[in-house]
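What follows is a single structure, written as structure tokens, with notes after it.
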Amino acid sequence: MQVKKKSKAKSKLKKWRFPLWGIASLILAGFLLAQFILLPSASNLKKDADNPFKLTTTTLQPSALPQKITPKPTKSYTIHSGYQLKVPILMYHYIGYNPDPADKARYILATNPDNFKQQMKYLSDQSYQTISLDTLYAALKKQTTLPSKPIILTFDDGYEDFYTNAYPILQEFNFKATVFIPTGLMEKRAYLTWPQIQLMSRQGLITFGAHTVNHYSLTSISGDESWQEISQSKRELQNRLGIPINFFAYPGGSLNNLIVSQVQKAGFVGALGTWPNHFQSEGTIYNMPRLRINGLIDLKTYIELL
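Written as structure tokens, this is what we have:
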């Protein structure tokens, strides 16, 4: 009876021996396969060593993007870092009276000329000095110094009332300003004409920046489309004015890492957003904060904003 029991035990052991080894072999094979798949190639390791990741740069090439993508927004570029300077950048849109009382949004975007002149007079009386974005960029790179109370005036969208209402007031106070142009909208009703833009550019007080072609929200269109909006607007402005166009403004402040990389690839040295802050820094040079001037505010609120 004992012999039979031993024989049965051996029989059971033999019965299970192959499946156990089979399972072990499968686990080992799976592990080796995973290592092979995940192991980086030597060329990739060299590339990573030569190009360490930086917040404000990317190796992503727009030409390699899928045809249709909708990137998600990011807040990576709203953190100050590096050298910082207190330079408020004011953001205006319309300088004119609202022709349509039912248009509530325009009340917010439109500063009437009387209030605008009052604001410029306050800046002049308080010894603010307007500077260009090029001067700010040079100062952030420690290539120049700034006056004691620097300020930058910007106007988005290229409305005709900038030429008819704002420009004469800026000339009166000898104030510099930058106008951001969506190139495909120029010459349309209520927008600037190219002769007006060229005249102001030649006269020296006003500089121009790119603001896309059609004023699309860049994160709501494909990567190929956003690249065309960014690069074509710069190219057309440079062709029309015969000078470098160094700065870009994101429509509605809409951006993400892909959009910033495209702005860099297009050759802009800096870009402006819409998030509020009085300081500028090296870390936010491709999303400079601005103070939005609400058309409904009075002078007291304007002063407090500064």
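All residue numbers for the sequence shown refer to numbering that gives the first Met the number 0, where the first residue is 0 and numbers rise by one.
A virtual CB, placed ideally from N, CA and C, is assigned to each residue, including glycine.
Segment limits, beta strand (DSSP E) that includes residue 153: For the purposes of this step, residue 153 is taken as residue 154 along the sequence shown, with counting starting at 1. Looking at the DSSP string, the run of the beta strand (DSSP E) that includes residue 153 is 149 to 155.
Inter-residue CB distance, residue 127 and residue 150 (contact presumed, cutoff 8 angstroms): Taking the first residue of the sequence shown as 1, we reach residue 127 at position 128. Taking the first residue of the sequence shown as 1, we reach residue 150 at position 151. Contact holds; Cβ gap of about 5 angstroms.
Residue 259: first and last residue of the uninterrupted alpha helix (DSSP H) it sits in: In the sequence shown, the residue the question calls residue 259 occupies position 260. Element bounds for residue 259: 256 to 264.
Outcome for residue 167 when other beta-carbon atoms lying within 10 angstroms are tallied against a minimum of 16: Within the sequence shown, residue 167 is the residue found at index 168, counting from 1. Label assigned to residue 167: exposed.
Beta carbon of residue 172 nearer than 9 angstroms to that of residue 247: Here the question's residue 172 lines up with position 173 in the sequence shown. Here the question's residue 247 lines up with position 248 in the sequence shown. No.
Residue 186, buried or exposed, once every other Cβ within 10 Å from all chains shown has been counted against 16: Position 187 of the sequence shown, counted from the first residue, corresponds to residue 186. Taking a 10 Å sphere around the C-beta of residue 186, we find fewer than 16 other C-beta atoms and assign the residue as exposed.
Assigned exposure category for residue 302 - 16 Cβ within 10 Å defines buried: Here residue 302 is taken as the residue at index 303 of the sequence shown, counted from 1. That one is exposed.
Span of the alpha helix (DSSP H) around residue 103: Translated into positions along the sequence shown, residue 103 becomes position 104. Unbroken alpha helix (DSSP H) run through residue 103: 103 to 108.
C-beta contact flag for residue 294 and residue 110 at 9 angstroms: Start at 1 with the first residue of the sequence shown, and residue 294 comes out as number 295. Start at 1 with the first residue of the sequence shown, and residue 110 comes out as number 111. Yes; because the gap between Cβ atoms is below 9 angstroms, this pair is in contact.
Per-residue burial, residue 82 [other beta carbons within 10 Å of its own, 16 or more giving buried]: Start at 1 with the first residue of the sequence shown, and residue 82 comes out as number 83. Exposed: under 16 other Cβ atoms inside 10 Å.
Continuous beta strand (DSSP E) stretch holding residue 280: start and end: Residue mapping note: residue 280 aligns to position 281 of the sequence shown, counting from 1. Looking at the DSSP string, the run of the beta strand (DSSP E) that includes residue 280 is 278 to 280.
Where the alpha helix (DSSP H) through residue 165 begins and ends: Counting from one through the sequence shown, the residue named residue 165 turns up at place 166. That residue, residue 165, is in no alpha helix (DSSP H); it is neither H nor E in DSSP.
Contact check, residue 217 vs residue 225, beta carbons under 9 angstroms: Residue mapping note: residue 217 aligns to position 218 of the sequence shown, counting from 1. Residue mapping note: residue 225 aligns to position 226 of the sequence shown, counting from 1. Here residue 217 is near residue 225, since their CB atoms are less than 9 angstroms apart.
Three-state class that DSSP yields for residue 81 in the structure shown: The sequence position of residue 81 within the sequence shown is 82, counting from 1. Residue 81 falls in the coil class under three-state DSSP.
Beta strand (DSSP E) runs contained entirely in the region 185 to 227, provided each spans 3 or more residues: 205 to 209
Contact under 9 angstroms by Cβ, residue 250 with residue 277: Here the question's residue 250 lines up with position 251 in the sequence shown. Here the question's residue 277 lines up with position 278 in the sequence shown. No, these two residues do not count as a Cβ contact at 9 angstroms.
Segment limits, alpha helix (DSSP H) that includes residue 301: For the purposes of this step, residue 301 is taken as the residue at position 302 of the sequence shown. First-last of the alpha helix (DSSP H) with residue 301: 298 to 304.
Beta-carbon spacing of residue 296, residue 265 below 9 angstroms: Residue numbering aside, residue 296 sits at position 297 when the sequence shown is read from its first letter. Residue numbering aside, residue 265 sits at position 266 when the sequence shown is read from its first letter. No, Cβ-Cβ distance for residue 296 and residue 265 is not below 9 angstroms.
Beta-carbon proximity check, residue 165 vs residue 91, cutoff 9 angstroms: The sequence position of residue 165 within the sequence shown is 166, counting from 1. The sequence position of residue 91 within the sequence shown is 92, counting from 1. Result yes, Cβ atoms of residue 165 and residue 91 sit closer than 9 angstroms.
Endpoints, the alpha helix (DSSP H) within which residue 295 is located: Within the sequence shown, the letter at position 296 stands for residue 295. Residue 295: not part of any alpha helix (DSSP H); DSSP gives it neither H nor E.
One or two residues paired with residue 249 in a DSSP bridge: Locating residue 249 in the sequence shown gives position 250, counting from the first residue. According to DSSP, residue 249 bridges with nothing at all.
Residue 244 in three-state terms, based on DSSP: Your numbering for residue 244 matches position 245 in the sequence shown. Looking at residue 244 - three-state DSSP - the assignment turns out to be coil, as it is neither helix nor strand.
Selection from 176, 144, 227 and 87 that minimises the alpha carbon distance to residue 290: Locating residue 290 in the sequence shown gives position 291, where the first residue counts as 1. Here the closest residue by C-alpha is 87.
Same chain, Cβ closer than 7 angstroms to residue 78, five either side skipped, listed in chain order: Within the sequence shown, numbered from 1, the residue matching residue 78 stands at position 79. Once the five neighbours on either side are set aside, the close Cβ partners of residue 78 are 282.
Other residues of its chain near residue 124: CB distance less than 6 angstroms, five sequence neighbours each side excluded: Start at 1 with the first residue of the sequence shown, and residue 124 comes out as number 125. So no residue of the chain qualifies.
Alpha-carbon spacing of residue 98 relative to residue 159, whole angstroms: What you label residue 98 is simply residue 99 of the sequence shown in a count that begins at 1. What you label residue 159 is simply residue 160 of the sequence shown in a count that begins at 1. Distance between the alpha carbons of residue 98 and residue 159: 14 angstroms.
Identity of the residues DSSP links to residue 93 by a beta bridge: Along the sequence shown, read from residue 1 onward, the residue named residue 93 stands at position 94. Residue 93 pairs with 109.
First through last residue of the alpha helix (DSSP H) which encompasses residue 132: The residue labelled residue 132 in the question sits at position 133 within the sequence shown. Segment 132 to 139, the alpha helix (DSSP H) holding residue 132.
6 angstroms CB neighbourhood of residue 195 in its chain, flanking five on each side removed: In the sequence shown, counting from the first residue as 1, residue 195 sits at position 196. Answer for residue 195: 162, listed in chain order.
Whether residue 129 touches residue 143 by CB criterion (9 angstroms): Translated into positions along the sequence shown, residue 129 becomes position 130. Translated into positions along the sequence shown, residue 143 becomes position 144. No, Cβ-Cβ distance for residue 129 and residue 143 is not below 9 angstroms.
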